[in-house]
Amino acid sequence: MVALLSTLGRSGSVNPRDTARQSSARSAAAVGDAGDPLRAAAGDIPCTDVGNGDTRADRPIVSCRRGGRFANGGCGKVQWPIDGCGPGTIRSAATPLPCQRNPPMTLPAFVTGVLLAAGVIDLSEPLELRYSGSVAPVGRFSVQPATKQFTLHAVVERTERAPITVRYLLEERGSGGWAWPERFGEWLIGADGTTRGRAPTLLYSYNDNEYPISLPWLVFPFAEKLDDGAQWEHGDYVYEVLGRRRLEGDQTRVWLVQAVHRRGRHRRLWIDEDGIVRRAEQKVFMGRGDSFLLRMDLAGRRPLQRQQADRWNKLFDALLDLRRKLDRREDEHRPELDAAQLAKVRSVLEQLETLAEGTPAENLVDSIRRDVSGQERREGRIEGLVKQFVGKPAPDFQLRLIDGRTVSRDDLKGKIVVLHFWNYRHEPLKEPYGQVGYLDFLYHRRHKLGVEIIGVAVQQSLSDPATAGRGRSSVRKLKEFMNLSYPVAVDDGSVLKRFGDPRSFGANLPLYVVVDPEGRIAHYHVGLYRIDPDKGLVELDAVLISLIREARARKTGAGKR
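This is how it looks when you write it as structure tokens:
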């Protein structure tokens, strides 16, 4: 237990859980069961703030507020408004009644009550938490073996920015996972449960699709609500306290809380007296309603000295600053970094290695180093392809469009041509869809100026007569779904190979090749472009504008002669 709560727990005179249910102002007696003093004394007894408090000898009166009433009986069932008293107040009696049986409140108890009633766990000392978890498919009668395991390391403390500040890093094993820039984050939790920043989230690959899975609370922000039968709503969840339980192999009693999402997802949280989640289970649905069970358990917990926490924070400041500079999309799944991004990582890598030494982040920083080295080798190979093709005549090719027509290199002479090599499969359809939407936008803007764009659907299935029909059908569905105006051809990989297939050294499509009116390759780009939200494919458009101007200049010069 953290420092303040530990001190109060040892005092012997106050139970922090009880004091959380007591009123901070108790100048008059609480309302009792004898008669109905709310009605008997109406008009001549003042309203008194009850906070989270007035209790009978055996049970609290405030455990579940539903729409302005104290629902569990206690010191009378109060329906608001009564004689001018609003929610959170009662009329106090002039003489002591049976409900006034609470022990006198000491200053330490008052402080603890305020902390818990405000929904803020006392984190005067930084706390390191480590969770181990898994995701497993759920069969008809039982949970199947886990298909993903994960470990979550976090440091939790109170900061100026939030009562609960969580800085974490995630390790995933099996069924996909995030690239390293998305494996860490900062999660800020307010006293009312509102959150900012990036919550810990898994990335699960299933049936060729990727599903983000948000993890439950690590520190429960609603500690003041923990009481038998309590219910409340927050966001899309309805919470209910199911009572106290013991975890197997542990005599410590914890609160069991069920959270039901409005869409039917269920979470169960086992929460200790400090508000730390000891165990969490969550139903997850992927694919076409296939059910999975996420489970995570607290595997380690220790207070950190200020010096240790400061070192962790310095490392995280550097990591978070690096991610901001990389300027990746919030939901980015692809690991690829361009040359400029790799240079930014390389410039801080030595600093990260120094800060991470001897911490749980060593594995993360080691994976960053290996990834950067691998991607730099890939970038070197891509640069080799650029030098090999740019400025040279385009290789001879012939493409069959999905409408049955054919188009060859010679057919396109005198035009500016963009060849866009990508898979063009309609399932699974993953953002950013090979950037075909932006490419279609560019086609509408530049086609009238002499630019042709041809999509080239590269699929291995097209090389096999048994599967070629399904492959072409998939391409056709994608074209219709995205409402693409430019023509799309199919390729079993043989045309792509003529242009230097970047997949041969681990790079991913798309590949953009721009051929000028003279039949020479003017531009060669592997991977996705950076997107301008207002202008789209700015880099590619700049290449086309330059070629359009050059073509006009040649025509003008020829006309003058």
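Numbering (the numbering used here), first residue to last: 11 to 571. Ideal Cβ positions, reconstructed from N, Cα and C, are used throughout, including at glycine. Here the structure is a predicted model, which is why all the values come from computation and not from measurement.
Using alpha carbons as the reference points, say which of Leu459, Arg480, Tyr141 and Ser483 lies closest to Arg288. Residue 288 sits at position 278 when you count from the first residue of the sequence shown. Taking only the C-alpha atoms, the option nearest Arg288 is Tyr141.
Where Trp227 sits in the DSSP three-state scheme: Locating residue 227 in the sequence shown gives position 217, counting from the first residue. Coil.
For the beta strand (DSSP E) containing Lys158, name the first residue and the last one. Mapped onto the sequence shown, residue 158 falls at position 148. Where Lys158 is concerned, the enclosing beta strand (DSSP E) stretches over Lys158 to Glu167.
Spatial neighbours of Val524 within its chain, please: CB distance less than 6 Å, with the 5 preceding and 5 following residues excluded, ordered by chain position. Residue numbering aside, residue 524 sits at position 514 when the sequence shown is read from its first letter. Taken in chain order, the residues that qualify are Val428, Ala532, His533 and Val553.
Rounded straight-line distance, which links the Cα of Gly481 to that of Asp381: Start at 1 with the first residue of the sequence shown, and residue 381 comes out as number 371. Start at 1 with the first residue of the sequence shown, and residue 481 comes out as number 471. About 33 Å.
Please give me, in chain order, every unbroken run of the beta strand (DSSP E) with length at least 3 that falls completely inside the stretch 471-515. Those beta strand (DSSP E) runs which fall completely within the stretch 471-515 and span 3+ residues are 498-501.
Selected residue, minimal CA-CA separation from Ser471, among Ala233, Tyr434 and Glu490: Counted from its first residue, the sequence shown places residue 471 at position 461. Nearest C-alpha to Ser471: Tyr434.
By the 10 Å Cβ neighbour count, where 16 or more other Cβ atoms means buried, how is His454 classified, buried or exposed? Position 444 of the sequence shown, counted from the start, is the residue given in the question as residue 454. The Cβ neighbour count for His454, taken over all protein chains shown within 10 Å, is under 16; the residue is labelled exposed.
Where does Gln241 sit, in a helix, a strand or coil, going by DSSP? For this step, residue 241 is matched to residue 231 along the sequence shown. Of the three classes helix, strand and coil, the one that applies to Gln241 here is strand, per DSSP.
Which term fits Thr175, buried or exposed, when burial requires 16 or more other beta carbons within 10 angstroms of its beta carbon? Here the question's residue 175 lines up with position 165 in the sequence shown. It is buried - the Cβ of Thr175 has at least 16 other Cβ atoms within 10 Å.
Inter-residue Cα distance where the pair is Leu126 and Lys235: By 1-based counting over the sequence shown, the position of residue 126 is 116. By 1-based counting over the sequence shown, the position of residue 235 is 225. Only weak support exists for where Leu126 lies, its pLDDT of 42 falling under 50; the value from the coordinates is given anyway. Distance from the CA of Leu126 to the CA of Lys235, rounded to the nearest whole angstrom, comes to 9 Å.
For Gly285 and Trp265, I'd like the C-alpha separation in whole angstroms. Taking the sequence shown and counting its residues from 1, one reaches residue 285 at position 275. Taking the sequence shown and counting its residues from 1, one reaches residue 265 at position 255. So the alpha carbons of these two residues sit roughly 9 Å apart.
Taking 8 Å as the cut-off, decide whether the C-beta atoms of Asn430 and Gly479 are in contact. Against the sequence shown, residue 430 aligns to sequence position 420. Against the sequence shown, residue 479 aligns to sequence position 469. One point to set straight first is that residue 430 is His, not Asn, in the sequence displayed. It is not a contact, given that the beta carbons lie outside the stated cut-off.
DSSP-derived helix/strand/coil call for Trp357: In the sequence shown, the residue the question calls residue 357 occupies position 347. The sequence given here places Ser at residue 357; Trp does not occur at that position. Here Ser357 sits in helix by DSSP.
contact_flag[the stretch 408-423, the stretch 512-531] where n(CB pairs < 8 Å) is 3 or more: Verdict: yes, contact present.
Run through DSSP, which three-state label would Gln445 get? Locating residue 445 in the sequence shown gives position 435, where the first residue counts as 1. In this structure, DSSP gives Gln445 a helical state, which the three-state scheme calls helix.
Quick check: the stretch 338-358 against the stretch 177-191, are there 3 or more CB pairs under 8 Å? A contact exists between the stretch 338-358 and the stretch 177-191.
So Gly465 is in the beta strand (DSSP E); what residue range does that whole segment cover? In the sequence shown, residue 465 corresponds to position 455, counting from 1. First-last of the beta strand (DSSP E) with Gly465: Val461 to Val468.
Taking only three categories from DSSP, how would you classify Tyr453? Looking up residue 453 in the sequence shown gives position 443. Secondary structure of Tyr453 (DSSP, three-state): helix.
Under a three-way DSSP split, which group does Asn373 fall into? Translated into positions along the sequence shown, residue 373 becomes position 363. DSSP places Asn373 within a helical segment (H, G or I) once states are collapsed to three.
Is Arg419 near Ala499, with beta carbons less than 8 Å apart? Numbered from its first residue, the sequence shown carries residue 419 at position 409. Numbered from its first residue, the sequence shown carries residue 499 at position 489. No, they are not a contact pair.
Terminal residues of the alpha helix (DSSP H) in which Leu332 lies: Within the sequence shown, numbered from 1, the residue matching residue 332 stands at position 322. Counting along the chain, the alpha helix (DSSP H) containing Leu332 begins and ends at Arg316 to Leu336.
In angstroms, rounded to a whole number, what distance separates the CA positions of Leu6 and Thr211? There is simply no residue 6 to check, as the chain begins at 11 and stops at 571 in what is shown.
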